[in-house]
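Chains as they are written, first to last, in the working numbering: chain H, 165 to 475; chain C, 13 to 454.
Note that beta-carbon positions come from the ideal geometry of N, C-alpha and C, so glycine has one too.
Owing to the predicted nature of the structure, the values given are computational and were not obtained by experimental measurement.
Single-structure report; data block below.
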Amino acid sequence: MNLQANDACNPSQIPADHLDLLEAEALFIVREVIAECRQPVVLFSGGKDSAVLLHLVYKAFHPERIGIPLLHIDTGHNYDEVISYRDRMAERYGCRLHVRRVEDSMQRGTVRLRHALESRNAHQSVTLMEAIGELGFDACLGGARRDEEKARAKERIVSVRDEFGQWQPKHQRPELWSLYNTRVAPGDHIRVFPMSNWTELDVWQYIAREAIELPELYFAHQREVVRRGDILIPVTFLTPAKPDDKVETVSCRFRTVGDISCTAPVASTAATVAEIIVETAQCLLTERGATRMDDRTSDAAMELRKKEGYF
Amino acid sequence: MTTPTQPTDPADMIHDEHDIKPSGLLRFITAGSVDDGKSTLIGRLLYDTGNVAADQLASIEATSQKRGLAEIDWSLLTDGLMAEREQGITIDVAYRYFSTAKRKFIIGDAPGHEQYTRNMVTAASSADLAILLVDARKGVITQTRRHAYLAHLLGISELVLAVNKMDLVDWQASVYQAIVDEFNGFISQLGRHHVQAFPLSALTGANLASRATDISWYDGPSLLEHLEYIPARRDTDLAPVRLPVQRVVRVMLGNAASGANDEEFRGYQGTLASGHLHLGDEVAVLPSGQQARVTGISIGERALQQANEDQAIVVALDRDIDVSRGDMLVAPAQPAQVVRTLTADICWLSEQPMQARGKYLIKHTTRTVNALFDELLYRVDVNTLAQQAAPETAAMNDILRVRLKLQQPLLIDAYTDNRTTGSFIVIDPVTLNTVAAGVIVE
């Protein structure tokens with residue numbers, strides 16, 4: 165029973181009724197957290213996974229408005245479009261938005277960079293832990309998914325973090341049925357991932373179904389880039405073109421919109437959610453049996469499941 | 013030579029006893045050791061359904077070559093754990109995802125080794141189906157029986173017996189049939205299950221994602237076809253309404269969602285554990301027993317006439333009665349039992365043994381109560397299924413039948429009737445860890 169590429173490239177033929185089950189599971193998890201935890205917060209970066217998460221939190225509270233705050237750890241290296249999207253969403257849902265900056269941690273000396281242009285992505289966790297301590301959160305809802313990388317395939321939906329914010333695979337709690345244990349000792353907190361069982365394709369299908377607004381960067385647009393191997397490097401103040409680089413303007417989109425210093429776009433002409441779904445579904449199929457990548461394979465396919473969006 | 017059992021053709025299957033459309037999501041577990049070819053089976057299934065990315069493929073090809081293997085070692089796809097092993101991290105349940113044009117699948121992959129019972133119980137708790145792997149050369153072994161028993165204990169009624177490595181026994185029908193007969197003989201002692209057997213070779217992919225065409229005596233579906241068509245749940249039309257209340261919502265003082273009606277409103281949020289709930293239905297609230305009529309059902313902004321099992325809803329009632337988190341809305345004619353003692357089978361999950369007569373917390377649906385292990389009736393030897401009377405404590409991986417005393421009532425059904433209202437976890441009140449899982453007998 166081999167899949168025919170055509171089956172999945174027509175969005176109407178990609179099965180979608182599993183979205184109801186994934187949504188219901190997520191709503192249940194979010195409600196457990198808001199019912200059992202003292203001070204939960206939604207980690208909201210303005211990326212597509214956190215946009216879906218925010219929508220799920222909205223549905224979990226409805227008809228009340230979202231009763232918990234949002235937290236964004238700002239590396240200072242975000243695209244302006246993403247920051248204004250973030251602020252717009254917080255306002256639309258009537259949520260209190262806390263922003264904590266890696267730059268403030270740098271000033272405090274808790275984050276030290278090797279050089280000025282070093283990616284601040286890895287340092288976000290320090291600022292996050294400082295924010296958790298300062299604001300007293302005991303549960304952080306996040307949009308991470310298990311299919312993102314191998315190690316995460318084993319992380320629990322409710323994951324206990326110690327006072328250093330570390331995930332300890334050795335000491336994970338068993339998680340059975342939909343009985344989530346949200347209890348933690350003072351000083352510890354939980355990270356909760358209601359979308360653990362979602363894949364990238366599920367996320368896009370759900371964005372389409374629920375008409376969730378996203379930053380424009382996710383859709384195909386013209387952008388100046390430099391090619392380095394398979395990767396398109398956007399020309400920005402953080403990643404300027406070198407004197408002998410050939411700068412091209414290509415049609416591309418971002419699959420993740422993290423820190424500018426480590427997020428690359430992929431060549432794509434997908435300008436709508438429906439087109440992105442086709443492209444994402446196609447990746448899965450063209451990779452089938454591909455012992456080599458050929459010309460017909462999209463760049464998005466090549467990127468698939470690599471540690472997404474990072475160089 | 014007898015004719016081997018033929019699995020039902022998928023086309024017929026959806027028209028037989030359970031005439032419902034397959035759900036878009038199937039959760040299954042794979043039970044077996046690496047030696048049975050479990051990792052190969054999963055890796056091959058992911059690959060043959062186009063769910064392996066090119067970069068992953070390139071990496072396992074390179075590793076296979078480096079090791080001097082003539083063919084690709086599919087187990088490398090799921091064994092992303094070498095680094096973890098080196099670091100001595102406990103290997104436990106991993107979840108993997110793949111989809112076909114028909115369905116999305118979630119595999120709960122519980123590797124073997126010492127902690128097997130604990131891992132398998134964890135993975136099985138959320139599974140609709142279990143694939144039990146048998147090496148055709150070895151047949152049904154102790155481990156197979158243990159896996160079948162645990163799947164049975166966790167209420168998985170859909171079992172797949174995957175008789176693997178058939179290529180190594182020259183696809184002999186008699187070998188396959190003997191294994192199927194022996195397994196059926198064993199499983200029928202445990203209770204009613206739907207068992208579908210498949211002769212296959214995970215290594216060559218024969219009968220896995222596509223039908224094996226060169227086996228004269230087998231013309232049934234492939235394993236994947238079976239997984240695509242099997243109903244995820246038994247027909248629950250007759251199951252009575254069970255709605256554990258997760259949270260009370262109150263719209264007041266301007267806290268309505270934008271676009272939502274800002275008149276005062278009180279509703280109850282929860283996920284329907286079973287049954288169908290309609291507007292106008294009379295429900296009873298447990299434990300109080302007070303009754304009310306359903307005047308509203310919604311998911312987000314969408315108002316519904318009817319809610320089905322698994323939907324996460326908001327329910328409004330026609331009168332103000334006292335309802336809080338941990339209560340349960342039920343069909344008045346068939347309520348859940350309100351109990352202060354219960355008998356259950358538990359699996360001890362923690363490295364710390366049970367404290368005899370110790371106090372623990374029980375989380376059952378959305379209600380958490382104090383409990384005491386009042387009596388340990390017997391321990392089950394998962395290899396022989398023999399019962400050892402009156403154990404003094406429970407250690408990791410032990411399966412015990414116990415009697416519990418509860419400080420506050422629980423609202424229960426037997427696990428065989430309802431997997432949600434019949435299950436619980438045990439939390440150590442000091443470490444706050446989840447130390448055991450239980451299925452309610454009565």
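Subject >> Whole alpha helix (DSSP H) elements within the segment 51-85 of chain C, 4-residue minimum >> reply: If one requires a minimum length of 4 residues, the alpha helix (DSSP H) runs lying completely within the segment 51-85 of chain C are 66-78, in chain order.
Subject >> Meets three-Cβ-pair contact criterion under 8 Å: the segment 420-439 of chain C and the segment 335-351 of chain C >> reply: Touching, per the Cβ criterion.
Original post:
Since Pro350 of chain H meets chain C, which of its residues come closer than 9 Å, beta carbon to beta carbon?
Top reply: From the beta-carbon of Pro350 of chain H, no residue of chain C is found nearer than 9 Å; the closest lies around 11 Å away.
Original post:
Which two residues bound the contiguous beta strand (DSSP E) that contains Ile237 of chain H?
Top reply: For Ile237 of chain H, the uninterrupted beta strand (DSSP E) run begins and ends at Leu234 to Asp238, by DSSP.
Subject >> Reduced DSSP category for Lys223 of chain H - H, G, I as helix; E, B as strand; rest coil >> reply: In the structure shown, Lys223 of chain H falls within a helical segment according to DSSP collapsed to helix, strand and coil.
Original post:
Can you tell which of H:Glu245, H:Pro233 and H:Glu267 has its C-alpha closest to the C-alpha of Leu261 of chain H?
Top reply: Closest by alpha carbon: H:Pro233.
**OP:** Ignore the nearest five residues each way along the sequence and tell me which others in Thr436 of chain H's own chain have a CB closer than 8 Å to its CB.
**Re:** Once the five neighbours on either side are set aside, the close Cβ partners of Thr436 of chain H are Phe383.
**OP:** Measure the Cβ-Cβ separation of Thr382 of chain C and Leu389 of chain C and say whether it is below 8 Å.
**Re:** According to the sequence provided, residue 382 of chain C is Asn. The question's Thr does not apply to it. Cβ atoms of Asn382 of chain C and Leu389 of chain C: not closer than 8 Å.
Original post:
In chain order, what residues of the same chain have a beta carbon less than 7 Å from the beta carbon of Val411 of chain H, not counting five sequence neighbours either side?
Top reply: Closer than 7 Å at the Cβ level, and outside the excluded window around Val411 of chain H, lie Glu388, Val390, Val399 and Ala405.
Original post:
Near Pro252 of chain C, what residues of its chain come up, given a Cβ to Cβ distance below 6 Å and the 5 sequence neighbours on each side ignored?
Top reply: Taken in chain order, the residues that qualify are Gly287, Ala343 and Gln346.
Original post:
Would you say Thr436 of chain H reaches chain C, if we count a Cβ-Cβ gap shorter than 8 Å as a contact?
Top reply: No, because no Cβ of chain C sits closer than 8 Å to the Cβ of Thr436 of chain H.
Original post:
Under 8 Å between the Cβ atoms of Leu402 of chain H and Leu281 of chain H?
Top reply: Yes, the pair counts as a contact, with Cβ atoms nearer than the cut-off.
Subject >> Opposing strand residues paired with Phe385 of chain C [DSSP bridges] >> reply: Per DSSP, the beta-bridge partners of Phe385 of chain C are C:Leu416.
**OP:** Would you kindly check if the distance between the Cβ of Val197 of chain H and the Cβ of Val348 of chain H is under 8 Å?
**Re:** For the pair Val348 of chain H and Val197 of chain H, the CB atoms are not nearer than the 8 Å cut-off.
**OP:** Out of C:Ile143, C:Met366 and C:Gln400, point me to the one whose CA is closest to Ala163 of chain C's CA.
**Re:** Closest by alpha carbon: C:Ile143.
**OP:** Within the same chain, show all residues whose beta-carbon is closer than 8 Å to that of Ala449 of chain C, passing over the 5 residues directly before and after it, in chain order.
**Re:** Excluding sequence neighbours, Ala449 of chain C sits near Val133, Thr134, Ser137, Ile358, Cys359, Leu361, Ser435, Phe436, Ile437 and Val438.
Subject >> Length of the line joining the Cα atoms of Arg97 of chain C and Val105 of chain C >> reply: Low local confidence applies: a pLDDT of 45 at Arg97 of chain C is under 50, so the model's placement there is unreliable, and no value is given.
**OP:** Give me the Cβ distance between Thr291 of chain H and Arg265 of chain H, rounded to the nearest whole Å; I'm assuming they're in contact under 8 Å.
**Re:** Beta-carbon to beta-carbon, Thr291 of chain H and Arg265 of chain H are separated by about 7 Å, close enough to satisfy the 8 Å threshold.
**OP:** May I ask which residues mark the beginning and end of the alpha helix (DSSP H) holding Tyr128 of chain C?
**Re:** Secondary structure note for Tyr128 of chain C: its alpha helix (DSSP H) is the uninterrupted segment Tyr128 to Ala136.
Original post:
Looking at chain H, which residues of the segment 412-441 of chain C have a Cβ within less than 8 Å of any of its Cβ atoms?
Top reply: Listed in sequence order: Arg431, Thr432, Ser435, Phe436, Ile437 and Ile439.
Subject >> Residue(s) in a DSSP beta bridge with Pro211 of chain C >> reply: Answer is C:Val175.
Original post:
Where does the unbroken alpha helix (DSSP H) through Asp231 of chain C begin, and where does it stop?
Top reply: From DSSP, Asp231 of chain C is part of no alpha helix (DSSP H); its letter is neither H nor E.
Subject >> Same chain only: Cβ atoms within 6 Å of Leu202 of chain C, ignoring 5 sequence neighbours per side >> reply: Here the set comprises His164.
**OP:** Tell me whether Pro407 of chain H is buried or exposed, calling it buried when 16 or more other Cβ atoms sit within 10 Å of its Cβ.
**Re:** Answer is exposed; the Cβ neighbour count stays below 16.
Original post:
For chain H, is any of its Cβ atoms less than 8 Å away from the one on Gly55 of chain C?
Top reply: Chain H, which has no Cβ nearer than 8 Å to the Cβ of Gly55 of chain C, makes this no.
**OP:** Report yes or no: is there a C-beta of chain H within less than 8 Å of the C-beta of Asp104 of chain C?
**Re:** It does; some Cβ of chain H falls within 8 Å.
Original post:
Where Ser248 of chain H and Val216 of chain H are concerned, what is the direct C-alpha to C-alpha distance, given to the nearest angstrom?
Top reply: Per the coordinates, the alpha-carbon of Ser248 of chain H lies some 17 Å from the alpha-carbon of Val216 of chain H.
**OP:** Check the Cβ-Cβ distances between Val253 of chain C and every residue of chain H, and say whether any is below 8 Å.
**Re:** It does not; no Cβ of chain H falls within 8 Å.
Original post:
Could you give the distance in angstroms between the alpha-carbon of Thr355 of chain C and the alpha-carbon of Ser323 of chain H?
Top reply: The alpha-carbon separation between Thr355 of chain C and Ser323 of chain H amounts to approximately 30 Å.
Subject >> Reference Met178 of chain C; option with closest CA among C:Gln302, C:Tyr109 and C:Tyr230 >> reply: Ranking C:Gln302, C:Tyr109 and C:Tyr230 by CA distance to the CA of Met178 of chain C puts C:Tyr230 first.
Original post:
Using 8 Å as the limit for Cβ to Cβ distance, is Glu451 of chain H near chain C?
Top reply: Because the pLDDT at Glu451 of chain H is just 34, under 50, the model does not fix this residue reliably, and the point stays unresolved.
**OP:** Take Tyr222 of chain H as the anchor and find which of H:Gly300, H:Tyr344 and H:Ala254 has the nearest alpha-carbon.
**Re:** Comparing C-alpha distances from Tyr222 of chain H to each of H:Gly300, H:Tyr344 and H:Ala254 shows the shortest one belongs to H:Ala254.
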